[in-house]
Amino acid sequence: MTSRAAPNVRRRRLGTELRRLRERAGLSATESARLIGVSQAQLSNIEASRFGVSPARLQVMARNYDCSDRAYIKGLLDLAGERRPGWWETFRDVLPPPLLDIAELEHHATALRSANTAHLPGLLQTTDHAREIFRQVVPELSRADIEHRVNHRLRRQAVLDRPAPPPFRAVIHEAALRVPVGGRLVAAAQLRHLVEQSEREHITVQVIPFRIGAFPGSGQTILYVRGSAPRLDTVSLDQSHGPALVDTEAELESYRILLDRMEEVALTPSESRDFVVSLTREL
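If you read the sequence shown in the working numbering, its first letter stands for residue 633, the second for the next number, and so on.
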């Protein structure tokens, strides 16, 4: 086993899932450690993500915990086998860790969904729009910090440009579309960019107009990241202090239902595209 001083988000998730499996099986840390031939302290370090775990030992643990979900086990093996640092690690010393977590989750996602009521999805923002958003951060960021965040956001967007990009479905409320971030010219360019992106085969944009009134999830900003198995999905909630990640099965199911209901009340993708075009003409 190897030690990791600063485990990444996927390694942390692996430790959490192994602890959940053990607890679901009704085994204490002492009992489980004895079954796999390690000390209780070593098992605790694995579950706390301080140590990695080999694929062979992980499979033994899955058998001990009576886990037969093959897709889920394969997903755990993928988490355990991750070794190479991603591009986001170049920002490790200049950005808050939660921002790096989001980039890592998106990079490994099999599909992405979002719901935005106050801001446009980061993956669909223009450079000028993103820069203006970061200028409004409180406490105020330095010019260098703003540019670090802008560059990080642009690097994140590359996930949608790779040869086999994950499908991305975004629900955006009209309020987010009407805010003239950066002024009329920047706002118009952002709306045109949104239309262009929505025409790509793997990107779906749906708008919830004001006339719909109240709707499920009103006021929330949600990013739903699908993993290699449903139990390994993650939801990122945009909080004032930064992104907050949730990943229990009950929470994941709740947000899947919420996003489904938001898509049901939203305009169709074609209607949404026409709607955004009409807003562009109003600027």
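Just so it is clear, CB atoms sit at the ideal spot from N, CA and C, and this is done for glycine as well.
Assuming Ile-854 is part of the beta strand (DSSP E), what are its boundary residues? Your numbering for residue 854 matches position 222 in the sequence shown. Per DSSP, Ile-854 belongs to the beta strand (DSSP E) from 854–858.
In or out: Ser-774 buried (at least 16 other Cβ within 10 Å) or exposed? Here residue 774 refers to the residue found at position 142 of the sequence shown. Exposed, since its Cβ has fewer than 16 Cβ neighbours within 10 Å.
Are the Cβ atoms of Arg-794 and Ile-778 separated by less than 9 Å? Numbered from its first residue, the sequence shown carries residue 794 at position 162. Numbered from its first residue, the sequence shown carries residue 778 at position 146. With respect to the 9 Å criterion, Arg-794 and Ile-778 are not classified as neighbours on the basis of their beta carbons.
With distance defined between alpha-carbon atoms, name the residue in Ser-660, Asp-710, Pro-717, Phe-723 nearest to Asn-696. In the sequence shown, the residue the question calls residue 696 occupies position 64. Nearest option by C-alpha distance: Ser-660.
Whether or not the region 709–718 and the region 755–771 are in contact is what I'm after, with contact meaning three or more pairs of Cβ atoms, one per stretch, closer than 8 Å; do they touch? Short answer: they don't touch.
State the start and end residues of the unbroken beta strand (DSSP E) segment that holds Pro-639. Residue mapping note: residue 639 aligns to position 7 of the sequence shown, counting from 1. For Pro-639, no beta strand (DSSP E) segment is defined, and its DSSP state is neither H nor E.
Euclidean distance between Cα positions of Ser-635 and Leu-752: Position 3 of the sequence shown holds residue 635. Position 120 of the sequence shown holds residue 752. Summary for Ser-635: the model assigns pLDDT 43, below 50, so the residue's position carries little reliability; its value from the coordinates is reported in the next sentence. Those two C-alpha atoms are separated by around 39 Å.
Just checking: is the beta-carbon of Ile-705 within a distance shorter than 9 Å of some beta-carbon in chain D? Absent here is chain D; the protein component of the structure consists of one chain.
In or out: Gln-822 buried (at least 16 other Cβ within 10 Å) or exposed? In the sequence shown, counting from the first residue as 1, residue 822 sits at position 190. Classified as buried, Gln-822 has 16 or more neighbouring CB atoms from the shown chains inside 10 Å of its CB.
Identify every residue that forms a DSSP beta bridge with His-805. Walking along the sequence shown from the start, residue 805 turns up at place 173. In the DSSP secondary-structure assignment, His-805 is bridged to Ile-840.
Kindly indicate which three-state DSSP category Gly-874 falls into: helix, strand or coil? Position 242 of the sequence shown, counted from the start, is the residue given in the question as residue 874. Of the three classes helix, strand and coil, the one that applies to Gly-874 here is strand, per DSSP.
Give me whichever residues DSSP pairs with Asp-835 in a beta bridge. Position 203 of the sequence shown holds residue 835. The amino acid occupying residue 835 in the given sequence is Ile; Asp does not appear at that position. As a beta-bridge residue in DSSP terms, Ile-835 pairs with Phe-800.
Going by other Cβ atoms of all chains shown within 10 Å of its Cβ, with 16 needed for buried, is Gly-800 buried or exposed? Counting from one through the sequence shown, the residue named residue 800 turns up at place 168. Looking at the sequence itself, residue 800 is Phe, so the reference to Gly does not match. Around the beta carbon of Phe-800, a 10 Å sphere encloses 16 or more other beta carbons of the protein chains shown; the residue is thus reported as buried.
Helix, strand or coil at Ser-886 [DSSP, three-state]: Taking the sequence shown and counting its residues from 1, one reaches residue 886 at position 254. In this structure, Ser-886 counts as helix in the three-state DSSP scheme.
Please look up how many angstroms separate the CB atoms of Ala-802 and Val-827, rounded, as I've assumed it's under 8 Å. What you label residue 802 is simply residue 170 of the sequence shown in a count that begins at 1. What you label residue 827 is simply residue 195 of the sequence shown in a count that begins at 1. Not really, about 13 Å apart at Cβ, beyond 8 Å.
Nearest to Gly-859 (by Cα), restricted to the options Arg-745, Leu-667, Ala-688: Translated into the one-based positions of the sequence shown, residue 859 becomes position 227. Check the Cα spacing between Gly-859 and each of Arg-745, Leu-667, Ala-688: the tightest is with Arg-745.
Top-ranked residue by Cα proximity to Phe-723, from His-784, Gly-849, Arg-642: Taking the sequence shown and counting its residues from 1, the one referred to as residue 723 is at position 91. Relative to Phe-723, the option among His-784, Gly-849, Arg-642 whose CA is nearest is His-784.
Within 10 angstroms of the Cβ of Val-857, are there 16 or more other Cβ atoms? Answer buried if so, exposed if not. Walking along the sequence shown from the start, residue 857 turns up at place 225. Val-857 counts as buried, since no fewer than 16 other beta carbons sit within 10 angstroms of its beta carbon.
In angstroms, rounded to a whole number, what distance separates the CA positions of Gly-815 and Gln-757? Here the question's residue 815 lines up with position 183 in the sequence shown. Here the question's residue 757 lines up with position 125 in the sequence shown. Their backbone Cα atoms lie some 15 Å apart in a straight line.
At what residue ranges does the region 711–799 contain a whole run of the alpha helix (DSSP H), taking only runs of 4 or more? Within the region 711–799, the runs of alpha helix (DSSP H) that reach at least 4 residues and sit entirely inside it are, in chain order, 729–739, 759–767, 775–789.
Contact under 9 Å by Cβ, Thr-853 with Ala-750: Here residue 853 corresponds to residue number 221 of the sequence shown, with the count starting at 1. Here residue 750 corresponds to residue number 118 of the sequence shown, with the count starting at 1. Yes, the pair counts as a contact, with Cβ atoms nearer than the cut-off.
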